[in-house]
């Protein structure tokens, strides 16, 4: 009987350990309650309003599962750096989805690769690159991004973690927020410096950055960031806006 009792205690201890997030994990920073607080249209709201299902599609468990497959995401640097990166990620994706209200955009006529998921993944080449990285055929099955919440979060985190190549090379948002990117002389001349504003430039610089008096889109992204930083109890850091940054491909 004593052996069975010890086994039972050991089993209970293992279950308890499994239920407590590891100190270095994303889940140790973004708790379930914090996650749904950051999602303005989260489950605590009691409904989905005029959204297309975002309140019930984007789940904490899906986010944690997706995050665990990307080494370094939300786990790079000291506590402040980790919290600030996660605040930036949730702020940018909150803007893209109007507070996690939308799962997908309305499809333009004849276009299969319209915005889907937390980062509103668009264009065939992005679906192809994300699919190749994740081992999925997203070119043939783009709807996976709007029907499987784990895949949806994986595409968003993939976009966040991946630098851009081609005509206009950009660092990854992850590198910008964790100190892994050092601006070149050309970047400095263009006002592109480490901080949240640079992630806005990477994602949507042509619409949000380099405008003397700012833009509604830029202000909205900053507003989400301030809110997420409050919820994650971390300071904003430097260069929050991108008003003085030249967008890529605009003479910089």
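Numbering (mature numbering (1 follows the signal peptide of the UniProt record, and there is no 0)), first residue to last: -24 to -1, 1 to 228.
Just so you know, even glycine gets a beta-carbon here, dropped at the ideal spot from N, CA and C.
Computed from a predicted structure; not experimentally measured.
So if DSSP puts residue i in a beta bridge, which residue, or which two residues, is it bridged to?
{"i": "residue 92", "result": "80, 97"}
{"i": "residue 146", "result": "140"}
Looking only at its own chain, which residues have a Cβ that is under 7 Å from the Cβ of residue i, when we skip the five neighbours before and after it?
{"i": "residue 63", "result": "201, 204, 205, 208, 210"}
{"i": "residue 146", "result": "139, 140, 178, 224"}
{"i": "residue 121", "result": "92, 93, 97, 114, 127, 128, 131"}
Report the rounded CA-to-CA distance for residue i versus residue j, giving the unit in angstroms.
{"i": "residue 102", "j": "residue 118", "result": "11 Å"}
{"i": "residue 28", "j": "residue 13", "result": "19 Å"}
{"i": "residue 111", "j": "residue 134", "result": "12 Å"}
{"i": "residue 77", "j": "residue 90", "result": "16 Å"}
{"i": "residue 87", "j": "residue 169", "result": "35 Å"}
{"i": "residue 113", "j": "residue 15", "result": "29 Å"}
{"i": "residue 217", "j": "residue 108", "result": "33 Å"}
{"i": "residue 33", "j": "residue 8", "result": "15 Å"}
{"i": "residue 23", "j": "residue 31", "result": "Residue placement at residue 23 cannot be trusted, given a pLDDT of 49 that sits under 50; what the coordinates show is reported in the next sentence. Going by the C-alpha atoms only, they are around 7 Å apart."}
{"i": "residue 68", "j": "residue 154", "result": "16 Å"}
{"i": "residue 56", "j": "residue 79", "result": "30 Å"}
{"i": "residue 74", "j": "residue 163", "result": "30 Å"}
{"i": "residue 54", "j": "residue 165", "result": "29 Å"}
{"i": "residue 100", "j": "residue 81", "result": "15 Å"}
{"i": "residue 158", "j": "residue 173", "result": "15 Å"}
{"i": "residue 19", "j": "residue 11", "result": "In this prediction, residue 19 has a pLDDT of 40, which is less than 50 and means its spatial position is unreliable; what the coordinates show is noted afterwards. For residue 19 and residue 11, the distance between alpha carbons rounds to 10 Å."}
{"i": "residue 215", "j": "residue 161", "result": "17 Å"}
{"i": "residue 187", "j": "residue 152", "result": "21 Å"}
{"i": "residue 125", "j": "residue 66", "result": "15 Å"}
{"i": "residue 4", "j": "residue 104", "result": "32 Å"}
{"i": "residue 37", "j": "residue 123", "result": "15 Å"}
{"i": "residue 58", "j": "residue 106", "result": "24 Å"}
Leaving out five residues before and five after residue i in sequence, what residues of the same chain have Cβ atoms less than 6 Å from its Cβ?
{"i": "residue 71", "result": "196, 197, 200"}
{"i": "residue 192", "result": "none"}
{"i": "residue 213", "result": "60, 171"}
{"i": "residue 148", "result": "137, 138, 139"}
Among the residues of its own chain, which have a CB less than 8 Å from the CB of residue i, if the five just before and after it don't count?
{"i": "residue 150", "result": "48, 49, 52, 61, 136, 137, 156"}
{"i": "residue -1", "result": "51"}
{"i": "residue 144", "result": "224, 225"}
Confirm, please, whether the CB-CB distance from residue j to residue i is below 9 Å.
{"i": "residue 221", "j": "residue 167", "result": "yes"}
{"i": "residue 93", "j": "residue 115", "result": "no"}
{"i": "residue 42", "j": "residue 184", "result": "no"}
{"i": "residue 6", "j": "residue 39", "result": "yes"}
{"i": "residue 176", "j": "residue 194", "result": "yes"}
{"i": "residue 190", "j": "residue 219", "result": "yes"}
{"i": "residue 44", "j": "residue 2", "result": "yes"}
Could you give the first and the last residue of the continuous alpha helix (DSSP H) run that contains residue i?
{"i": "residue 68", "result": "55 to 72"}
{"i": "residue 192", "result": "192 to 207"}
{"i": "residue 122", "result": "120 to 123"}
{"i": "residue 233", "result": "Any property of residue 233 remains undetermined from this structure, which presents the chain solely from -24 to 228."}
{"i": "residue 42", "result": "36 to 43"}
{"i": "residue 13", "result": "8 to 14"}
{"i": "residue 30", "result": "30 to 33"}
{"i": "residue 163", "result": "161 to 165"}
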